[in-house]
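**Student:** Right, I'll just put the structure down here and ask away after.
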Amino acid sequence: MISECLNNVIYRNPWQTQRSVADAVRVTRSVVARLWNRFQETGNVRRRPGAGRPRATTSTDDRYIQLTARRNRTENATQLQRQLLLATGRRVSSQKVRNRLHEGGLYARRPMVCIPLTPRHRAARRRWAAEHRDWEQHDWSQVLFTDES
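The UniProt record's numbering puts the first residue of the sequence shown at 1, with every later residue one more than the last.
Below, the structure is given as structure tokens:
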């Protein structure tokens, strides 16, 4: 964003001082000086590509991993890794698959362990609640609540 503004200012009037460019774009003079040096070295003020390790997966692979995980909710990272290998021929680690899922906001969750309620259970609960709706404080004081089944 600042780079594009500076590009426009510099190309329109290359004889401006760094102070006037900084005032026009509303940045500090050190930013203008750094970008000016980059402009003289490369002919452009855009950032150079980083020097880090290149990504093992492309953005298309990342989308494929996330889409497959959303479609098949029960598959783990190893199974998704195998599917990616079959689909693209690209071999990546299961940790890399987990990292790509995390980037997409998908995390491993343990399923909640509970007994699903049947319609009969729901009806029984509703009936019990209706029977006890009008109970007073002294009625409830006679009840012993425990967590045992």
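Where a beta carbon is used, it is the ideal one built from N, C-alpha and C, also for glycine.
Taking C-beta to C-beta, are Val92 and Ala56 nearer than 8 Å?
**Tutor:** Locating residue 92 in the sequence shown gives position 92, counting from the first residue. Locating residue 56 in the sequence shown gives position 56, counting from the first residue. Yes.
**Student:** Is the beta carbon of residue 168 less than 8 Å from the beta carbon of Arg100?
**Tutor:** Within the shown structure, residues of the chain are numbered from 1 to 149, placing residue 168 beyond reach of any answer.
**Student:** From which residue to which residue does the alpha helix (DSSP H) around Ile115 run?
**Tutor:** Taking the sequence shown and counting its residues from 1, one reaches residue 115 at position 115. No alpha helix (DSSP H) contains Ile115, which DSSP labels as neither H nor E.
**Student:** Going by the beta-carbon positions, is the gap between Ala77 and Ser94 smaller than 8 Å?
**Tutor:** Counted from its first residue, the sequence shown places residue 77 at position 77. Counted from its first residue, the sequence shown places residue 94 at position 94. Yes.
**Student:** Hey, would you say Asp61 sits closer than 8 Å to Glu103, going by beta carbons?
**Tutor:** Against the sequence shown, residue 61 aligns to sequence position 61. Against the sequence shown, residue 103 aligns to sequence position 103. Against a cut-off of 8 Å, the Cβ pair of Glu103 and Asp61 comes out as no contact.
**Student:** Around the C-beta of Tyr64, are 16 or more other C-beta atoms found within 10 angstroms, so that it is buried, or is it exposed?
**Tutor:** If you number the sequence shown from 1, residue 64 lands on position 64. Buried.
**Student:** Taking buried to mean at least 16 other C-beta atoms within 10 Å of its own C-beta, is Val45 buried or exposed?
**Tutor:** Looking up residue 45 in the sequence shown gives position 45. So Val45 counts as buried.
**Student:** Keeping to the same chain, check which residues put their C-beta closer than 7 Å to that of Ala33; ignore five residues upstream and five downstream.
**Tutor:** For the purposes of this step, residue 33 is taken as residue 33 along the sequence shown, with counting starting at 1. Here the set comprises Gln18.
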